[in-house]
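Chemist:
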Amino acid sequence: MTPLKRKQWDRALTFALFTLPALAAILISVEIPFLMSVFSSFTKWNGLDRAQTFIGLENYKELFLDDLDMWKAFGFTLRLTLGSVLVVNLCALLLAVLLDSDIRGKNALRAAFYVPNIVSLIIIGYIWRFIFSAGFESFFQTTGLDFFMFSWLGDVNLVYFSVLMVSVWHSLGFYLVIYIAGLQTVPRDLIEASMIDGAGRVVRFFRITLPLIMSAITVSVFHSLSNGLKAFDVIFSLTNGGPGNSTTTIALDIYRTAFVINRFGYGTAKSVVLFLMILILSIFQVRLFKSREVEV
Amino acid sequence: MKKYTPASTFTTLILSVVALFYLYPLFLVVINSFKTFSEITSNVLALPKSLVFENFSNAFRIMNYPQYFLNTLLATAVGVSGVVLVSSMAGYKLSRTKTRYSFVMFMVLIAPMMIPFHSFMISLVKVAKELHLIGSPLGLGVLYWGLGASLALFMYHGAVKSVPQELDDCALIDGAGPLRAFFQIIFPLLQPVTVSVIVINTMWMWNDFLLPLLVLSGSKKSLTLQLAAYNFFGLYKVDWNFAMAGVLLTILPAVIFYLSLQRYIIKGMVAGAVKT
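Those protein sequence lines, which keep their order, are chains W and V.
The opening residue of the first sequence carries number 53 in our numbering; numbering runs sequentially from there.
The opening residue of the second sequence carries number 52 in our numbering; numbering runs sequentially from there.
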């Protein structure tokens with residue numbers, strides 16, 4: 053081997069040494085399973101035996117033409133996502149603006165709002181089941197307000213708001229810290245210049261601050277969008293998809309299709325659709341929001 | 052010294068009240084975990100007449116807490132250290148190597164950031180079964196490597212750019228092998244990213260539910276705390292006093308972790324979020 057060849061060989065070997073462990077891990081846990089899922093989505097497979105019968109587009113045909121439950125889950129997921137993207141971002145932005153001003157105890161307050169976010173969603177769902185039942189009963193006895201006697205988890209019309217409220221309550225702190233970090237990047241001299249030019253608080257917020265924190269908004273909306281579309285844990289422990297099927301999300305529907313009724317092939321078809329949906333919506337959202345970002 | 056205006060004091064006051072309301076549900080959990088069953092049924096909002104610690108000892112015993120705590124700790128420790136190891140090495144090398152192959156490899160390794168877990172979980176269970184990674188906390192930890200590596204690798208890849216290339220060259224000239232140069236010289240300099248990666252992955256793995264449910268629920272001995280808590284709640288649909296004690300025990304480790312590392316956690320979560 054010539055010295056040059058040897059050096060190249062050494063370099064390739066080092067490259068492999070550093071990158072192959074990560075590649076192996078990612079192939080095993082994500083990419084091979086993903087490709088297998090795409091393949092399985094064209095098969096009939098009960099998950100128990102190895103045999104997967106190729107049935108072409110049958111799963112997709114059933115999914116798009118016959119599966120009313122899936123479309124109901126689809127609709128609920130979209131409504132939940134839309135609601136939580138709007139509510140969580142508006143609340144978090146408002147709180148962040150207040151917490152970014154010169155006020156006493158802002159670190160303690162920021163930490164307080166973050167607390168629910170460190171608790172797992174499974175536990176959060178369970179805590180709220182307790183609040184909605186035993187807690188609300190006591191609230192009713194104390195206040196006499198009918199509001200607390202509504203069936204917050206049992207009424208098809210109310211349960212949407214319960215799920216929305218609980219997910220927002222859990223995740224608000226996370227978006228809050230993203231917005232606070234964004235607000236801290238706004239240069240002080242720009243704010244001062246606008247004050248000298250006589251811009252009021254409201255004008256200053258919409259004309260100076262908002263455009264400058266657009267990247268924080270992009271990030272925050274991206275996460276709330278994809279977390280909404282993927283909602284599973286909180287539903288699993290709060291309502292388990294009920295009453296009826298009214299709060300079943302796509303992720304829960306996929307889980308049930310595969311692991312409860314053992315239609316693994318059909319479940320993978322649904323999961324491919326979920327993947328495409330999240331991909332398309334995320335790309336669309338990021339494009340739209342990025343185009344509005346400005347540089348200082 | 053900063054001057055606070057009356058208006059800002061007013062804002063603090065309002066926000067404090069909002070924060071108290073915000074945390075009130077958690078306060079209810081705490082007070083009810085110390086009550087007797089009949090106290091809960093008569094009034095959830097009242098403070099406990101005396102502190103009933105039996106709730107905790109019962110929950111502790113029935114949940115089989117120590118075993119499941121250790122399982123969760125093992126899975127999280129294996130998962131986090133694996134993610135740090137494979138992604139720091141790959142992120143470093145890919146950032147330093149500026150060839151077409153390196154770029155392709157980078158793309159292959161960060162692609163999973165666009166693939167939601169639910170879209171491949173069904174086949175992941177099959178793969179895990181084939182590789183005998185099912186039914187043990189250790190196997191769960193290993194499965195986390197690939198799930199957490201992409202984001203971590205992306206974060207390391209960005210951070211390596213601010214470490215001067217000369218440092219690598221010096222170490223190599225001094226006779227260190229590539230591995231030693233990385234672990235002794237470069238890796239310590241990447242500490243801020245490492246902290247963020249550890250924080251993000253610890254919070255996620257500790258609180259994760261769906262993957263443990265898919266790969267562990269068959270073997271009762273190897274459950275994680277979240278799974279055990281979920282099963283425990285199933286047993287106590289009405290005995291809220293036990294259940295609330297169970298809730299507190301389950302969230303306690305995360306709360307302690309948060310309180311002791313609060314600054315790093317908030318910083319780490321922001322770093323991870325903004326990177327994607």
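Idealized CB from N, CA, C, for every residue including glycine.
This one's a predicted model, so the numbers in the text were calculated from it and none came from an experiment.
When DSSP builds the beta bridges, which residues end up paired with W:Lys96?
Modeler: W:Thr105
Chemist: Could you tell me whether any Cβ in chain W is nearer than 9 Å to the Cβ of V:Gly219?
Modeler: Before going further, note that residue 219 of chain V is Asp rather than Gly in the sequence given. No, its Cβ sits nowhere closer than 9 Å to a Cβ of chain W.
Chemist: Leaving out five residues on either side along the sequence, give the residues of the same chain with a beta carbon under 8 Å from the beta carbon of V:Phe88.
Modeler: Asp290, Trp291 and Asn292
Chemist: Can you look up V:Gly186 in the DSSP assignment and give me helix, strand or coil?
Modeler: coil
Chemist: Quick one: grab the DSSP three-state call for V:Met140.
Modeler: helix
Chemist: Could you work out which residues of chain V lie near W:Glu83, taking near to mean beta carbons separated by less than 9 Å?
Modeler: The contacting residues are Val159, Ala162, Pro163, Ile166, Phe171 and Gly197.
Chemist: Reducing DSSP to helix, strand and coil, say where W:Gly177 ends up.
Modeler: Three-state DSSP puts W:Gly177 in a helix.
Chemist: Would W:Val312 count as contacting chain V if we go by Cβ distances under 9 Å?
Modeler: The beta-carbon of W:Val312 is placed no less than 9 Å from the nearest beta-carbon of chain V.
Chemist: Leaving out the 5 sequence neighbours to the left and right, which residues in its chain are closer than 6 Å to V:Val298 when beta-carbon positions are compared?
Modeler: Taken in chain order, the residues that qualify are Val80.
Chemist: Identify the continuous alpha helix (DSSP H) that holds W:Ser136 and give its terminal residues.
Modeler: Leu120 to Asp152
Chemist: Quick one: is V:Pro188 near chain W, going by C-beta distance under 9 Å?
Modeler: Closer than 9 Å: no.
Chemist: Give me the Cα-Cα distance between V:Lys272 and V:Tyr119, rounded to the nearest whole angstrom.
Modeler: Separation of V:Lys272 and V:Tyr119 (C-alpha to C-alpha, rounded to the nearest whole angstrom) is 8 Å.
Chemist: W:Ser172 to V:Phe157, Cα distance in whole Å?
Modeler: 32 Å
Chemist: Is there at least one Cβ from chain V nearer than 9 Å to W:Met247's Cβ?
Modeler: no
Chemist: To the nearest whole angstrom, what separates the beta carbons of W:Gly319 and W:Lys96, a pair I think is in contact under 8 Å?
Modeler: Rounded to whole angstroms, the Cβ separation of W:Gly319 and W:Lys96 is 11 Å, and the two are not in contact under 8 Å.
Chemist: I'd like the ranges of any alpha helix (DSSP H) spanning at least 4 consecutive residues and lying wholly in the segment 185-271 of chain W.
Modeler: 188-195, 211-235, 240-248 and 253-256
Chemist: Report the neighbours of V:Ile82 on chain W: residues whose CB is nearer than 7 Å to its CB, in chain order.
Modeler: None at all; the shortest Cβ gap to chain W is about 11 Å.
Chemist: Does any residue of chain V have a CB that is nearer than 9 Å to the CB of W:Tyr307?
Modeler: At a cut-off of 9 Å between C-beta atoms, W:Tyr307 counts as an interface residue with respect to chain V.
Chemist: Determine the DSSP secondary structure at W:Asp285, reduced to helix, strand or coil.
Modeler: helix
Chemist: Would you call the segment 143-160 of chain V and the segment 55-72 of chain W in contact, with 3 or more CB pairs under 8 Å?
Modeler: yes
Chemist: Spatial neighbours of W:Phe128 within its chain, please: C-beta separation below 8 Å, excluding the five flanking residues on both sides.
Modeler: Hits under 8 Å: Tyr212, Ser298, Thr299, Thr300 and Thr301.
Chemist: For a cutoff of 9 Å on Cβ pairs, would you count V:Asn94 as touching chain W?
Modeler: yes
Chemist: Between V:Thr301 and chain W, is any beta-carbon pair separated by less than 9 Å?
Modeler: yes
Chemist: Measuring CB to CB, does W:Phe165 end up less than 9 Å from W:Ile269?
Modeler: no
Chemist: List, in order along the chain, the chain W residues whose C-beta lies closer than 7 Å to that of V:Ile317?
Modeler: Tyr166 and Val229
Chemist: To the nearest angstrom, how far is it from the Cα of V:Ile251 to the Cα of V:Ser170?
Modeler: Between V:Ile251 and V:Ser170, the C-alpha separation is close to 22 Å.
Chemist: At a CB-CB cut-off below 9 Å, which residues of chain V make contact with W:Met52?
Modeler: As shown, chain W starts at 53 and ends at 348. That puts residue 52 of chain W outside it, with no answer to give.
Chemist: Name the residues in the segment 293-307 of chain W whose C-beta lies less than 7 Å from a C-beta of chain V; which are they?
Modeler: Ala303 and Ile306
Chemist: Can you check whether the C-beta of W:Ser214 is within less than 9 Å of a C-beta belonging to chain V?
Modeler: no
Chemist: Any idea what DSSP makes of W:Glu345, helix, strand or coil?
Modeler: coil
Chemist: Between the alpha carbons of W:Ser343 and W:Ser267, how many angstroms are there, rounded?
Modeler: 10 Å
Chemist: With burial defined as no fewer than 16 other Cβ atoms inside 10 Å of the residue's Cβ, what is the status of V:Met295: buried or exposed?
Modeler: buried
Chemist: How about W:Tyr178 and W:Ser289: are their beta carbons less than 9 Å apart?
Modeler: yes
Chemist: Assuming W:Thr71 is part of the alpha helix (DSSP H), what are its boundary residues?
Modeler: Pro55 to Ile78
Chemist: Mark W:Ala103 as exposed unless 16 or more other C-beta atoms lie within 10 angstroms of its C-beta, in which case mark it buried.
Modeler: Label assigned to W:Ala103: exposed.
Chemist: Under a Cβ-count criterion, where at least 16 other Cβ atoms within 10 Å of its own Cβ denotes burial, should V:Ser138 be classed as buried or exposed?
Modeler: buried
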